[in-house]
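J.:
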Amino acid sequence: MEALLSKFANPPSKLVKQFLELCTISNGFLDINIVTKYIVDSLSKIGIEAKIDENQNITAEIAKNLDFKRTIALHTHLDATRIGELTEIQVEQNDSDYIIKSEKSNFAASTFFAITTMLNVANESSNFKHGPILLIFTVNDELSLKGASLIPKWPALSFNALINLNSFNGDEIVVGGPIGKNFNISVKADFHDPEENQCVVSAVCSGLNGGCVSDVNANAVQWASSVLFQLSHSQIPFRLISLESGDYQYTVSTNYDLKILVPKEKGEEAVNIIHAAHMASVMEYVRSDSSNFNTIITEIQPQKALSVEYTLAITNFLSLLPSGVITNSLPYQGFETASNIGKVTINSEKIEILLQGLAMASGGMDRVTKIIKAAARTSKLNITVEEKDNWPQWGPRRRGFLVSILMSTGKEHFGKDLKLGLMPYAIAPSVLYDNGYDEASYAAIGPKISNFRAVGESISTDQIEKWAEYVISAIKNLA
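In this text, residue positions in the sequence shown follow the numbering used here: the first is 3, and each later residue adds one.
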C-alpha cells in the first residue's frame, strides 16, 4: 500500500485511498470473509449496522434525514479475483491525473469502485438530504442486478429505485435486460468397455469466476472442449469417460473435471497436450500461468468410455456451439448477443448440455437458435434440442422517472448526455416481481464507467472522484 501511495505527488483523497486499500486486500479475495469484514467495519465506524447472512451477503440501511418517500437501493456483487492470482496493481501519472491499472489480470476494479462508492455514500450521508438508502452487497453471483434477489432467508427488500454499480463500460446508463432463452440439449450416450493396456488421464480445473470471464469468451465448457479439440488433432486415440463442467446457475464459471481413456504409452503425451491447451485458454483470461489446475494419470481402474469416433463427434459438436459474445445487435450497438454454455454433464448414464442464450434484439436470438440447431443437425450424433423459459427484453424507459433523472443528472454533472443501453445478462422483470420488489420497472443498472475487461483493467482517480460524486447527486435528485 505504501508503495502505491508513494506514486502520488500529493496524498490522494480519502476516496482514492480507500479504493487502493481494497485493491491490495490479499491480491484478490477468494475468502469473501476478508471483504465482508472490511465493509462491516467501515460502516460500523460511522454508526451504521450491517446485517450478514450465512452466505456473507450484506445489507445495511442508511436512515433518512428528511421525509422523502422513495427508497433508493445501491447494489454490487462481491465477485473478484482469487487469492494468489497475479494482480500487480500499478499507479501511473497522466498529466494531473493518475491511472490505477493491472496489465496481467482482472483486479476487480469494477467491484472495488462499487464498494468504495457505496461506502462513500454512507460516509457523506449526513451532509446531504435524502430518504432511506439501502446498501446491498451480494456474493457468488454473476448476474449483477439479479443478485439482489438471491439473498436467502430475508424479507423482500422494498425499494423504489435500484442502481447497480458493478457493470461499467463507458459513459452509459444501463437499464433493463435482454431477450433470454434456455436450451436443454441431450445426446444419446453410447459407452463401451475399455480396451487392454489403457490408462485414465484426469484434468481438474477448480475454476476462475467472474462476469468478466464471459467478456473474453471463456467458460468451463469452452475451456474443456478446447482441450478435447487439441487432443483430436494429435495422433492419440482418446476416448471420453466423463466431463462435468460449469454451473447452470452461474453461467460463466470455468470449473471442470475431465476424464479420458488413452493407450498407456500415450499417457504422458496426453497429459502434456491437455496442460498446454488449458494454459492457452487461461492465458486469454489472466495473462499469466496462475491456475488451480491439475493433470494426472490416475491409478483407477479404466472405466467404460465413448468410442474414439463418438468422442470426436462430441468434441466437434461442443466446439460448434456458440460461446460468449458472437455479434453486435442493433439498435444497441456495442451491446452484444451472447450465449454462455452453463453446464455440461457427460457420463455413462447421460450426455446433457444446458445453455443460456441472450440477445439485445430478436434477430440476435434467432441467430443463437439457428447456430445451435445447425450444429445438432449436421452432427452424426442423436441430438435433441429443447427450447424453454423464454423471457422478453425489457427497458430502457427513456421517460421513466429513474432513467430521466439519471440522464439529467449526468447532463448536469458531466456537461454532456450519457448513453442508454441494456445489460448483456439475463434479467427477467419477473425475477424482481416474484421476490416482492416494488415497482420493478424502476430497477436499473448504471452508471457505467471506464473500459473494464477481464485483462488489463484500468480506472483513473478522476473517474473515481467524478462518478462517486455523480452517484450522490443522483440519490439527491431521485429522492
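Backbone N, C-alpha and C fix where the C-beta goes; we use that ideal spot for every residue, glycine too.
By Cβ distance below 6 Å, which residues in the same chain neighbour residue 283 in space, the five residues on each side in sequence not counted?
T.: Working through the sequence shown from its first residue, we reach residue 283 at position 281. Excluding sequence neighbours, residue 283 sits near 225, 228.
J.: Alpha carbon to alpha carbon, how far is residue 1 from residue 353?
T.: Because the chain spans 3 through 481 in this model, residue 1 falls outside it and cannot be assessed.
J.: Which residues does DSSP pair with residue 258 in a beta bridge?
T.: Translated into positions along the sequence shown, residue 258 becomes position 256. According to DSSP, residue 258 bridges with 207, 247.
J.: Out of curiosity, what's the CA-to-CA distance linking residue 41 and residue 245?
T.: The residue given as residue 41 occupies position 39 in the sequence shown. The residue given as residue 245 occupies position 243 in the sequence shown. About 39 Å.
J.: What are the boundary residues of the alpha helix (DSSP H) that residue 123 is part of?
T.: For the purposes of this step, residue 123 is taken as residue 121 along the sequence shown, with counting starting at 1. Here the alpha helix (DSSP H) through residue 123 covers 111–126.
J.: Which residue marks the beginning of the beta strand (DSSP E) containing residue 95, and which one marks its end?
T.: Here residue 95 refers to the residue found at position 93 when the sequence shown is read from its first residue. Counting along the chain, the beta strand (DSSP E) containing residue 95 begins and ends at 92–96.
J.: Using three-state DSSP, classify residue 68 as helix, strand or coil.
T.: On the sequence shown, residue 68 is found 66 positions in, with the first residue counted as 1. Note: residue 68 maps to coil in three-state DSSP.
J.: Between residue 75 and residue 163, which are expected to be in contact by the criterion C-beta below 8 Å, what is the C-beta distance as a whole number of angstroms?
T.: Against the sequence shown, residue 75 aligns to sequence position 73. Against the sequence shown, residue 163 aligns to sequence position 161. Indeed they touch by this definition, with Cβ atoms about 7 Å apart.
J.: So, with DSSP's three-state summary, where would you put residue 351?
T.: The count along the sequence shown starts at 1 and reaches residue 351 at position 349. If DSSP states are grouped into helix, strand and coil, residue 351 belongs with coil.
J.: CA-CA distance, residue 279 and residue 350?
T.: Along the sequence shown, read from residue 1 onward, the residue named residue 279 stands at position 277. Along the sequence shown, read from residue 1 onward, the residue named residue 350 stands at position 348. Roughly 25 Å between the two C-alpha positions.
J.: Mapping the DSSP letters down to three states, classify residue 26 as helix, strand or coil.
T.: Here residue 26 corresponds to residue number 24 of the sequence shown, with the count starting at 1. It is coil, neither helix nor strand.
J.: Between residue 91 and the rest of its own chain, which residues show a CB-CB distance below 8 Å, the 5 nearest in sequence each way excluded?
T.: Counted from its first residue, the sequence shown places residue 91 at position 89. Hits under 8 Å: 6, 22, 25, 26, 102, 103, 104, 109.
J.: Determine which residues share a DSSP beta bridge with residue 76 and list them.
T.: On the sequence shown, position 74 is the one that residue 76 refers to. According to DSSP, residue 76 bridges with 137, 165.
J.: Using only the alpha-carbon positions, how far apart do residue 472 and residue 320 sit?
T.: As a working note, residue 472 is residue 470 in the sequence shown. As a working note, residue 320 is residue 318 in the sequence shown. Answer to the nearest angstrom: the Cα atoms are 45 Å apart.
J.: To the nearest angstrom, report how far apart residue 404 and residue 480 are at their CA atoms.
T.: Counting from 1 along the sequence shown, the entry for residue 404 is found at position 402. Counting from 1 along the sequence shown, the entry for residue 480 is found at position 478. In a straight line, the C-alpha of residue 404 is about 7 Å away from that of residue 480.
J.: Which one of 368, 263, 366, 378 has the shortest CA to CA distance from residue 316?
T.: Here the question's residue 316 lines up with position 314 in the sequence shown. Checked all of 368, 263, 366, 378; the closest Cα to residue 316 is 378.
J.: Do residue 478 and residue 71 have their beta-carbon atoms positioned less than 8 Å apart in this structure?
T.: Working through the sequence shown from its first residue, we reach residue 71 at position 69. Working through the sequence shown from its first residue, we reach residue 478 at position 476. Taking 8 Å as the Cβ cut-off, residue 71 and residue 478 do not qualify as a contacting pair.
J.: Can you tell me the Cβ-Cβ gap for residue 123 and residue 135, rounded? I've got them flagged as a contact below 8 Å.
T.: Taking the first residue of the sequence shown as 1, we reach residue 123 at position 121. Taking the first residue of the sequence shown as 1, we reach residue 135 at position 133. Sure, about 7 Å apart at Cβ, within 8 Å.
J.: Here's a check: name, in chain order, each residue in its chain whose Cβ is nearer than 8 Å to the Cβ of residue 67, leaving out the five neighbours to either side.
T.: Residue mapping note: residue 67 aligns to position 65 of the sequence shown, counting from 1. Closer than 8 Å at Cβ, skipping near neighbours: 127, 128, 131, 132.
J.: Taking buried to mean at least 16 other C-beta atoms within 10 Å of its own C-beta, is residue 3 buried or exposed?
T.: Looking up residue 3 in the sequence shown gives position 1. Classification for residue 3: exposed.
J.: Select from 308, 277, 259, 195 the residue whose C-alpha is nearest the C-alpha of residue 241.
T.: Against the sequence shown, residue 241 aligns to sequence position 239. Closest option to residue 241, Cα to Cα, is 308.
J.: Which of the three DSSP states, helix, strand or coil, is assigned to residue 35?
T.: Counting from one through the sequence shown, the residue named residue 35 turns up at place 33. Residue 35 falls in the helix class under three-state DSSP.
J.: What residue range does the alpha helix (DSSP H) around residue 403 cover?
T.: Walking along the sequence shown from the start, residue 403 turns up at place 401. Its alpha helix (DSSP H) spans residues 403–416.
J.: Kindly identify the DSSP beta-bridge partner or partners of residue 63.
T.: Here the question's residue 63 lines up with position 61 in the sequence shown. Beta-bridge pairing links residue 63 to 136.
J.: Do residue 78 and residue 160 come within 8 Å of each other at the CB atom, strictly closer than that value?
T.: For the purposes of this step, residue 160 is identified with residue 158 of the sequence shown, where counting begins at 1. For the purposes of this step, residue 78 is identified with residue 76 of the sequence shown, where counting begins at 1. Not in contact: residue 160 and residue 78 (Cβ atoms no closer than 8 Å).
J.: Name the two residues that bound the continuous beta strand (DSSP E) containing residue 174.
T.: In the sequence shown, the residue the question calls residue 174 occupies position 172. 174–176 is the extent of the beta strand (DSSP E) around residue 174.
J.: Between which residues of its own chain and residue 46 is the CB-CB distance below 8 Å, once the five residues before and five after are set aside?
T.: The residue labelled residue 46 in the question sits at position 44 within the sequence shown. Within the same chain, residue 46 has close Cβ partners 52.
J.: Under the DSSP definition of a beta bridge, which residues are partnered with residue 100?
T.: Within the sequence shown, residue 100 is the residue found at index 98, counting from 1. In the DSSP output, where bridge partners are listed per residue, residue 100 has 95.
J.: When the Cα atoms are used, what is the spatial distance from residue 14 to residue 422?
T.: Residue numbering aside, residue 14 sits at position 12 when the sequence shown is read from its first letter. Residue numbering aside, residue 422 sits at position 420 when the sequence shown is read from its first letter. So the two alpha carbons sit approximately 32 Å from each other.
J.: Under 8 Å, do residue 299 and residue 189 count as touching if we go by C-beta distance?
T.: Numbered from 1 along the sequence shown, position 297 holds the residue referred to as residue 299. Numbered from 1 along the sequence shown, position 187 holds the residue referred to as residue 189. Against a cut-off of 8 Å, the Cβ pair of residue 189 and residue 299 comes out as no contact.
J.: Does the distance from the CB of residue 175 to the CB of residue 420 come in under 8 Å?
T.: By 1-based counting over the sequence shown, the position of residue 175 is 173. By 1-based counting over the sequence shown, the position of residue 420 is 418. In contact: residue 175 and residue 420 (Cβ atoms closer than 8 Å).
J.: Considering residue 53, what are the terminal residues of the beta strand (DSSP E) in which it resides?
T.: As a working note, residue 53 is residue 51 in the sequence shown. From DSSP, the beta strand (DSSP E) with residue 53 extends over 52–54.
J.: According to DSSP, simplified to helix, strand and coil, what is residue 5?
T.: Here residue 5 is taken as the residue at index 3 of the sequence shown, counted from 1. Residue 5 falls in the helix class under three-state DSSP.
J.: Run the CB neighbour count on residue 415, radius 10 Å, all protein chains shown included, and call it buried at 16 or more, exposed below.
T.: Within the sequence shown, numbered from 1, the residue matching residue 415 stands at position 413. Buried: at least 16 other Cβ atoms inside 10 Å.
J.: Can you check which of these residues, 310, 195, 263, is closest to residue 205 by C-alpha distance?
T.: The sequence position of residue 205 within the sequence shown is 203, counting from 1. Residue 263 is the option with its Cα nearest to residue 205.
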